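S.K.:
In this note's numbering, the protein residues as written are 1 to 441.
#1: Classify residue 35 as helix, strand or coil using the three-state DSSP reduction.
#2: Where residue 428 and residue 181 are concerned, what is the direct C-alpha to C-alpha distance, given to the nearest angstrom?
#3: Is the beta carbon of residue 13 closer than 9 angstroms to that of residue 85?
#4: Nearest-angstrom Cα distance between residue 498 and residue 206?
#5: Anyone know if the C-beta pair for residue 46 and residue 6 falls short of 9 angstroms?
#6: Compute the Euclidean distance between the alpha carbons of residue 118 and residue 109, then round it to the nearest angstrom.
#7: I'd like to know if the region 327-336 and the region 348-362 are in contact, where contact means that at least 3 CB-CB pairs between them fall below 8 angstroms.
#8: How many Å lie between residue 169 and residue 102 at the Cα?
#9: Could you tell me which residues DSSP pairs with residue 137 in its beta bridges?
#10: Go ahead and pull the three-state DSSP assignment for residue 342.
#11: Alpha carbon to alpha carbon, how far is residue 27 from residue 1? Give it in angstroms, no decimals.
#12: Under 9 angstroms, do residue 78 and residue 25 count as touching if we go by C-beta distance?
#13: For chain C, check one thing: does any of its Cβ atoms lie closer than 9 angstroms to the Cβ of residue 408?
#14: When the distance is taken between beta carbons, is residue 187 closer than 9 angstroms to residue 140?
#15: Use the C-beta contact count for residue 263: other C-beta atoms within 10 angstroms, 16 or more gives buried, fewer gives exposed.
#16: Can you tell me where the beta strand (DSSP E) holding residue 282 begins and where it ends?
#17: Determine the DSSP secondary structure at residue 236, reduced to helix, strand or coil.
#18: DSSP three-state call for residue 226: helix, strand or coil?
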């Protein structure tokens, strides 16, 4: 394999993925990932190959076949990434906080595999929904803490297909929650000795993820003010089948409306700010979602940015209310990850049409988001190229953003290529020419 144009420390990080590929595919993987992070234009396969300066390394069809026909599995790549994150960046005594959510990748073109009309969450309002053609991706990430904030690193990805699309393609329809449960089970099976806390919004707080989950998994999410709650099942006496739940009790909204409700005050830190909230703690059975398992629900009043009461739920009934609220707030970094992956790494740019190519190409942007952060924390922050750009009107920036990490990787790679000790003029021209041609095209 020729010397790629990326910095050697990033290539060393990629070596962990070698068991996932055949030798020719791994060569393509290194060139494509290198070009992906260096690409300054649309992240199509062709532009990525040009950015990697790999035009003469292989025929362009070889790089397209890497996604459409390559003998590799996305889950294997994701699990290698899981082990990198867990072994290098997390405290083994602390639980893994695992946000899970879906995002829309907008595309045009009627012949793109698995594409259909989906509700656009960014343009839609409560009264007027908007729809866009494209793909919906269900993403499982792992949270880490660095530079005073939380980063959500995507590791496992699933492509959701609508009912109409499944009927047209004659394949089994699976809900987003079923795809999420599959990824959670895979993560829990891979890390049986780690405690895992899944964090999701209301769409992922239901029976699909809460019932019959693995013993090392708990879930924190958003419940409903009108949730049907029950007391625990009474002790079984006599004949007959034991009861699975007790008597019906008041819903969270009904309890909050009572004048004698036992509100508590708790100080929490959410979204980087400290706030004092009023909370109502309810330990009961949310039978429709969690079966006969006792859960803890919190009615929260005064949550930052919310006018109405919020209801949160935890499958761990002994977890303190402060921990439940602060852990739920760690779902938001995944939204930031989606924003950066689309804006900086071209998550919506690939123009593949075949089934396997569609399933593999867009997740590359999410995996590379995680790899760039891992590389920066392990190596990049110690390099001379790791400087946070300061503008005359923006002098207060202290911690790097993802754009700074990506810029450091690009800057280090270009410096590595151009700063050759004792290089003669012809050698420097040879190294500079591809960069100039790519930048000028």
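For each residue, glycine too, the CB sits at the ideal point set by N, CA and C. Quantities reported herein were computed from a predicted structural model and do not represent experimental measurements.
M.R.: Put simply:
#1: Correct three-state label for residue 35: helix.
#2: 53 angstroms
#3: no
#4: Outside the displayed span of the chain (1 to 441) sits residue 498, for which this structure offers no information.
#5: In this structure, residue 46 lies away from residue 6, with their beta-carbon atoms at least 9 angstroms apart.
#6: Cα to Cα, residue 118 sits roughly 14 angstroms from residue 109.
#7: no
#8: 22 angstroms
#9: 103 and 159
#10: helix
#11: At residue 1, the pLDDT of 49 sits below 50, so the modelled position is not reliable and the matter cannot be decided from this model.
#12: no
#13: Among the chains of the structure shown, chain C does not appear; only one protein chain is present.
#14: yes
#15: exposed
#16: Segment 273-285, the beta strand (DSSP E) holding residue 282.
#17: coil
#18: coil
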